[in-house]
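Report on one structure; see the data block that follows.
2 protein chains.
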Amino acid sequence: MTVQTKKRTNGVEVDRLHETVKAVKETSQLGLFTFHLANRWTDGAKNRSQVTSFQHQGQQVPHDSKFDFAADEPDVLLGADSAANPVEHLLHALASCVTTSMVYHAAARGISVERVESALEGDLDLRGFLGLDPTIRNGCQQIRLKLRVKANVDDDEFQALSNLGPTFSPVFESLRNGVPIQVEVERV
Amino acid sequence: MTVQTKKRTNGVEVDRLHETVKAVKETSQLGLFTFHLANRWTDGAKNRSQVTSFQHQGQQVPHDSKFDFAADEPDVLLGADSAANPVEHLLHALASCVTTSMVYHAAARGISVERVESALEGDLDLRGFLGLDPTIRNGCQQIRLKLRVKANVDDDEFQALSNLGPTFSPVFESLRNGVPIQVEVERV
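Chains as they are written, first to last, in the numbering used here: chain S, 25 to 212; chain F, 25 to 212.
Right, here's the structure in full:
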């Protein structure tokens with residue numbers, strides 16, 4: 025019996041990572057993903073989303089299990105506080121993407137990361153959402169992302185490592201630069 | 025014994041909603057919120073976020089319970105597929121925010137909504153994330169948001185109702201127009 029040990033850096037299979045990079049370089053179609061989700065309003069500030077699959081190269085790929093998440097608002101925002109609110113979910117999307125992007129790109133460069141923690145803050149002025157002042161945006165005024173990283177590298181390598189998350193993260197880039205959003209409303 | 029019945033439209037306490045609008049109009053400080061979250065990398069594409077409180081008018085307000093969510097990547101993206109990925113969480117943030125914004129603003133206008141469902145899609149080209157082609161962005165190329173809404177209103181009111189979510193949603197506006205993100209990295 026032969027036991028094959030897959031080489032992992034930061035928990036990422038580096039040989040597969042390099043193969044993926046090579047494959048996408050050769051066949052750009054392999055890089056095309058569409059992620060999707062269905063959401064349903066329950067009551068008040070409560071609604072739930074389900075993720076069951078995604079598209080890769082135009083084909084549906086099922087997830088191993090169904091992911092289901094809720095949203096609500098705290099009492100001061102007239103909700104039941106049964107789940108995180110949409111802005112908190114946005115911060116999770118950003119934190120998780122910056123972290124994974126750093127970890128993967130570090131693995132590709134052979135850099136072992138020992139610890140990544142982040143603390144995120146997003147400022148909101150309700151006057152925007154309530155439409156009380158047209159000079160105040162509805163969205164976040166600013167987001168602050170503080171990363172704490174442990175890695176056994178020299179200072180120059182640490183500097184390079186620090187930049188990997190913000191440089192490559194899809195959610196970071198989407199949120200910093202904005203994304204065209206096409207809206208369609210159907211009456212049922 | 026007097027039983028006070030709170031008037032609700034779409035599950036939202038409308039009197040409190042109007043009081044909130046009035047209060048924020050009079051005292052802008054009441055509109056200031058900072059949402060925050062802590063994330064910790066586990067292994068590979070896995071990390072977890074925790075939300076325990078938020079800031080309102082500079083004061084910490086605890087949530088009723090602690091919210092904890094995970095992120096991972098599917099197998100084709102070298103993860104263990106144990107949780108939704110960051111882009112899927114981003115779509116949840118967007119869906120939940122547009123829905124709640126529509127429901128609240130409809131309640132403020134006295135419009136009863138019977139059903140709100142949405143289907144969201146976000147396109148990603150991995151060549152951006154992998155740094156293989158500088159002309160391809162890392163982030164989402166486009167997001168498509170399809171709302172299905174049921175409400176007993178005439179066509180003009182339905183048109184106005186349709187626009188409420190995209191017009192007022194903080195996450196929609198953040199994601200469409202972009203947000204300044206301040207990054208700080210600490211070595212531990």
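Cβ coordinates follow ideal geometry from the N, Cα and C atoms, glycine included.
Applying the criterion that 16 or more other CB atoms from any shown protein chain within 10 Å of the CB defines a buried residue, is residue i buried or exposed?
{"i": "Leu-194 (chain S)", "result": "Residue identity differs from the one stated: residue 194 (chain S) is Pro in this sequence, not Leu. Answer is buried; the Cβ neighbour count reaches 16."}
{"i": "Arg-90 (chain F)", "result": "It is worth fixing the name first, because residue 90 (chain F) is Lys in this sequence and not Arg. Burial call: exposed."}
{"i": "Asp-178 (chain F)", "result": "exposed"}
{"i": "His-42 (chain F)", "result": "exposed"}
{"i": "Thr-44 (chain S)", "result": "buried"}
{"i": "Lys-31 (chain F)", "result": "exposed"}
{"i": "Glu-138 (chain S)", "result": "exposed"}
{"i": "Gly-189 (chain S)", "result": "buried"}
{"i": "Asn-162 (chain F)", "result": "buried"}
{"i": "Arg-133 (chain S)", "result": "exposed"}
{"i": "Pro-98 (chain F)", "result": "buried"}
{"i": "Val-212 (chain S)", "result": "exposed"}
{"i": "Asp-149 (chain F)", "result": "buried"}
For the alpha helix (DSSP H) holding residue i, just list the boundary residues, first then last.
{"i": "Ala-107 (chain F)", "result": "No alpha helix (DSSP H) contains Ala-107 (chain F), which DSSP labels as neither H nor E."}
{"i": "Glu-215 (chain F)", "result": "Since the displayed chain F opens at 25 and closes at 212, residue 215 (chain F) lies outside it and no answer follows."}
{"i": "Ala-69 (chain S)", "result": "Taken as a continuous stretch (DSSP letters only), Ala-69 (chain S) belongs to no alpha helix (DSSP H), as it is neither H nor E."}
{"i": "Asn-34 (chain S)", "result": "From DSSP, Asn-34 (chain S) is part of no alpha helix (DSSP H); its letter is neither H nor E."}
{"i": "Gln-53 (chain S)", "result": "That residue, Gln-53 (chain S), is in no alpha helix (DSSP H); it is neither H nor E in DSSP."}
{"i": "Gly-189 (chain S)", "result": "179-192"}
Within its chain, find whatever has a CB closer than 6 Å to the CB of residue i; leave out the 5 residues flanking it on each side and keep chain order.
{"i": "Leu-115 (chain F)", "result": "Leu-144, Gly-146"}
{"i": "Ala-119 (chain F)", "result": "Ser-142, Leu-144"}
{"i": "Ile-167 (chain S)", "result": "Gly-146"}
{"i": "Lys-70 (chain S)", "result": "Asp-96"}
Which residue marks the beginning of the beta strand (DSSP E) containing residue i, and which one marks its end?
{"i": "Arg-172 (chain S)", "result": "167-175"}
{"i": "Gln-206 (chain S)", "result": "205-211"}
Considering Cα atoms alone, identify which of the options is closest to residue i.
{"i": "Leu-54 (chain F)", "options": "F:Thr-76, F:Gly-82, F:Glu-181", "result": "F:Gly-82"}
{"i": "Val-207 (chain F)", "options": "S:Gly-202, S:Ser-186, S:Leu-169, S:Ala-184", "result": "S:Leu-169"}
{"i": "Gln-74 (chain S)", "options": "S:Phe-93, S:His-80, S:Val-111, S:Gly-134", "result": "S:Phe-93"}
{"i": "Ser-77 (chain S)", "options": "S:Lys-70, S:Phe-59, S:Ala-69", "result": "S:Phe-59"}
{"i": "Glu-210 (chain F)", "options": "S:Val-140, S:Ala-119, S:Gly-68", "result": "S:Val-140"}
{"i": "Asp-105 (chain F)", "options": "S:Asn-109, S:Val-85, S:Thr-123", "result": "S:Val-85"}
{"i": "Gly-68 (chain S)", "options": "F:Cys-121, F:Ala-184, F:Gly-155, F:Ile-160", "result": "F:Cys-121"}
{"i": "Pro-110 (chain S)", "options": "F:Leu-171, F:Thr-124, F:Val-212, F:Ser-186", "result": "F:Thr-124"}
{"i": "His-80 (chain F)", "options": "F:His-113, F:Asn-187, F:Thr-51", "result": "F:Thr-51"}
{"i": "Leu-185 (chain F)", "options": "F:Leu-171, F:Glu-197, F:Leu-101", "result": "F:Leu-171"}
{"i": "Leu-102 (chain F)", "options": "S:Asp-39, S:Gly-155, S:Asp-157, S:Ile-167", "result": "S:Asp-39"}
{"i": "Ala-107 (chain S)", "options": "F:Asp-88, F:Asn-201, F:Thr-159, F:Ala-107", "result": "F:Asp-88"}
{"i": "Gln-165 (chain F)", "options": "S:Ile-205, S:Ile-160, S:Val-173, S:Val-36", "result": "S:Ile-205"}
Closer than 7 Å by C-beta to residue i: which residues in its own chain qualify, once you throw out the five before and the five after it? Chain order, please.
{"i": "Phe-182 (chain S)", "result": "Ala-175"}
{"i": "Asn-34 (chain F)", "result": "Val-127, Ala-130, Ala-131, Ser-136, Val-137"}
{"i": "Leu-199 (chain F)", "result": "Leu-118"}
{"i": "Arg-1 (chain S)", "result": "Since the first residue of chain S shown is 25 and the last is 212, residue 1 (chain S) is not available in this structure."}
Could you name the residues of the same chain whose beta carbon sits closer than 8 Å to that of residue i, not counting the 5 residues immediately before and after it, in chain order?
{"i": "Ala-47 (chain S)", "result": "Leu-54"}
{"i": "Arg-224 (chain S)", "result": "Here chain S comprises residues numbered 25 to 212, so residue 224 (chain S) is not present and cannot be evaluated."}
{"i": "His-113 (chain F)", "result": "Phe-93, Ala-95"}
Contained beta strand (DSSP E) runs [length at least 3] in the region 114-158 of chain S, N- to C-terminal order: Listed in chain order, they are 137-149.
List in chain order: all unbroken beta strand (DSSP E) runs of 3+ residues lying wholly within the region 79-103 of chain S. 83-95
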